[in-house]
Structure formats: structure tokens, C-alpha cells
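If you read the sequence shown in UniProt numbering, its first letter stands for residue 1, the second for the next number, and so on. The structure appears right after this line, and notes come after that.
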Amino acid sequence: MRDLRTFGAALGTTRSTTHRLVSSLVQARYLRQVQGGYLLGPKLIELGTIALEQMPLTTVARPHLESLAELTHDTIHLGVRDGDDVLYIDKIPGTRGLEMRSRVGHRMPLASTGIGKAMMLDLVPDQWQSLFDASRRALAGVSFKPDNRPDQQTFMQRMTNYAAGGFTFDLEENEASIRCVAAPVRDASGSIVAALSVASTIPYMSLERMDELIPVVQREARAISEELGWRVPQPTTRRIKR
Numbered sequence: 001m002r003d004l005r006t007f008g009a010a011l012g013t014t015r016s017t018t019h020r021l022v023s024s025l026v027q028a029r030y031l032r033q034v035q036g037g038y039l040l041g042p043k044l045i046e047l048g049t050i051a052l053e054q055m056p057l058t059t060v061a062r063p064h065l066e067s068l069a070e071l072t073h074d075t076i077h078l079g080v081r082d083g084d085d086v087l088y089i090d091k092i093p094g095t096r097g098l099e100m101r102s103r104v105g106h107r108m109p110l111a112s113t114g115i116g117k118a119m120m121l122d123l124v125p126d127q128w129q130s131l132f133d134a135s136r137r138a139l140a141g142v143s144f145k146p147d148n149r150p151d152q153q154t155f156m157q158r159m160t161n162y163a164a165g166g167f168t169f170d171l172e173e174n175e176a177s178i179r180c181v182a183a184p185v186r187d188a189s190g191s192i193v194a195a196l197s198v199a200s201t202i203p204y205m206s207l208e209r210m211d212e213l214i215p216v217v218q219r220e221a222r223a224i225s226e227e228l229g230w231r232v233p234q235p236t237t238r239r240i241k242r
């Protein structure tokens with residue numbers, strides 16, 4: 001919150017001029033007058049919303065995907081939720097001479113991929129179960145050799161751990177020998193709107209390396225989220241009654 005004196009000092013104007021300028025901003029809804037001063041007004045929120053709508057997710061995310069690709073040399077994915085599926089909207093192939101079946105425009109069940117599970121982190125257990133069942137139905141005719149898909153109990157326990165940590169893994173659950181580390185992307189409301197992942201084959205993606213990649217992937221996902229207007233929630237303090 002700012003008062004007239006603060007505005008005047010910043011602008012270098014007299015009190016009367018400052019009052020006239022601020023009153024005009026209040027009238028135009030750029031500022032909102034409250035007891036003790038002024039706050040940002042609804043017009044700025046409207047403009048911010050328009051700016052975000054004009055900024056495609058892929059455009060915002062691309063530099064961060066490229067940063068991950070350069071750092072890891074692995075395949076980088078960006079995806080959004082489409083019903084029970086993840087829709088891949090961007091991909092940077094790795095430089096290790098490996099190719100995965102994923103491609104831009106490709107869909108896979110949410111619960112069978114690391115990037116899909118990252119978009120499930122805010123859901124409740126009943127929804128996890130529903131999406132797990134949907135994944136099993138969608139992949140019922142697909143042969144997995146070896147079959148590393150978790151059973152229901154293992155899947156639910158993993159999701160509980162993932163939700164607590166803010167990341168997800170794909171442990172060869174979607175494609176043989178492919179592992180990935182994923183993290184969610186949030187918008188200004190705090191909702192998960194996308195996810196990104198780093199994927200490679202077992203020789204390049206040991207469990208130890210997956211653990212090391214968690215903060216790396218989370219950092220880029222957080223950076224994208226902040227560009228979309230998300231802010232890290234501030235801890236609240238409670239006054240203790242004496």
C-alpha cells in the first residue's frame with residue numbers, strides 16, 4: 001500500500017499535483033483507494049490477464065526447455081492435460097542418439113507417464129484412482145515387456161510421495177527402458193496448467209541421477225510458472241494467545 005507522500009516522493013511532484021494524478025488513476029481504476037492509502041486497481045488485473053492470454057505457454061516455456069536440454073542432453077517434453085490424457089505440445093530431442101515415440105500432438109494416459117502424473121499432483125486420491133483405472137483401460141491391448149506398470153496400491157503410494165515432494169517419476173511405466181523426471185507448471189491462480197519432463201534410457205537415467213534432477217526440473221518449472229504470474233505462497237503466521 002502507498003500513500004500520497006510516497007507517490008509524491010517517487011514522482012517529484014507537489015502534493016496538489018500528486019493528488020490530482022492519483023485521483024485520475026483511481027477514476028480510471030488503475031488504483032483503488034482504501035483506508036490509509038492506495039492499492040493496485042482492478043484495471044491492472046484486467047490488463048495482466050489479457051497479457052497472459054496473449055502469451056502462449058510454449059513461447060514462455062521454450063527458453064527453459066532449451067536450458068534443460070543443454071544442461072542434461074536428454075529429451076525434454078512439455079505437456080498439458082486433455083481429459084484423461086497428457087497432450088505433448090513441445091519436445092526437444094536428446095543428443096544421445098536415442099529416439100522416443102513421443103511427439104508434438106501425441107497423447108498418452110495421464111497416469112502412465114511422469115509428465116501426466118505431474119499434472120495430477122493437486123488431485124485427491126479418488127481422482128488418482130479414477131485416472132489409474134482409465135490408464136489401464138486405455139492400455140489394455142498394449143504389450144509391455146518387461147511390464148513395469150505398478151499395481152494400484154503401489155501407484156497410490158507413489159502418488160502420495162510425489163504430491164508431498166512436488167515432482168513425479170516415470171519408471172519404465174509407459175515405454176520400455178525409458179525413465180523420466182517431471183514437475184508441474186502453475187498459472188497465476190496457482191492451478192497446475194502444464195508439466196515438463198526430462199527423459200532418457202536407463203543407462204543415462206539411473207535412480208541416483210533421477211534424484212539429482214528433481215531440483216533442476218523443479219527450478220525450470222517454477223521459472224515458467226512465475227512468468228505465467230504464479231507466486232510462491234508466503235507462509236502465514238498465527239498469533240499465539242497468551
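No residue lacks a Cβ here, since even glycine has one placed at the ideal position from N, Cα and C.
{"query": "Inter-residue spacing [alpha-carbon to alpha-carbon] between Cys180 and Gly114", "result": "6 Å"}
{"query": "Residue of Met210, Gln127 and Ala176 minimising C-alpha distance to Ser143", "result": "Ala176"}
{"query": "Cα-Cα separation, Phe7 to Leu47", "result": "22 Å"}
{"query": "Residue nearest to Ser130 in terms of C-alpha spacing, selected from Leu78, Val26 and Met159", "result": "Met159"}
{"query": "Whole-angstrom distance between Gln33 and Thr95, CA atom to CA atom", "result": "56 Å"}
{"query": "Status (buried if at least 16 other CB within 10 Å, exposed otherwise) for Pro109", "result": "buried"}
{"query": "Cβ-based neighbour list, Asp3, same chain, cut-off 6 Å, excluding 5 preceding and 5 following", "result": "Gly37"}
{"query": "Three CB pairs or more closer than 8 Å across the segment 197–207 and the segment 71–78", "result": "yes"}
{"query": "Cβ separation of Lys91 and Arg103, assumed to be a contact under 8 Å, to the nearest whole Å", "result": "6 Å"}
{"query": "Three-state class that DSSP yields for Phe167 in the structure shown", "result": "coil"}
{"query": "Contacting residues, own chain, Cβ-Cβ under 8 Å from Pro233 (five flanking each side not counted)", "result": "Gly190"}
{"query": "Spatial distance of Arg62 from Asp82 (CA atoms)", "result": "20 Å"}
{"query": "Residue range of the unbroken alpha helix (DSSP H) whose run includes Thr14", "result": "No alpha helix (DSSP H) holds Thr14; DSSP gives it neither H nor E."}
{"query": "Own chain residues within Cβ distance below 8 Å of Ala10, not counting five before or after", "result": "none"}
{"query": "Short Cβ contact (7 Å threshold) for Ala221 with Val185", "result": "yes"}
{"query": "First and last residue of the uninterrupted alpha helix (DSSP H) at His64", "result": "Leu57 to Thr72"}
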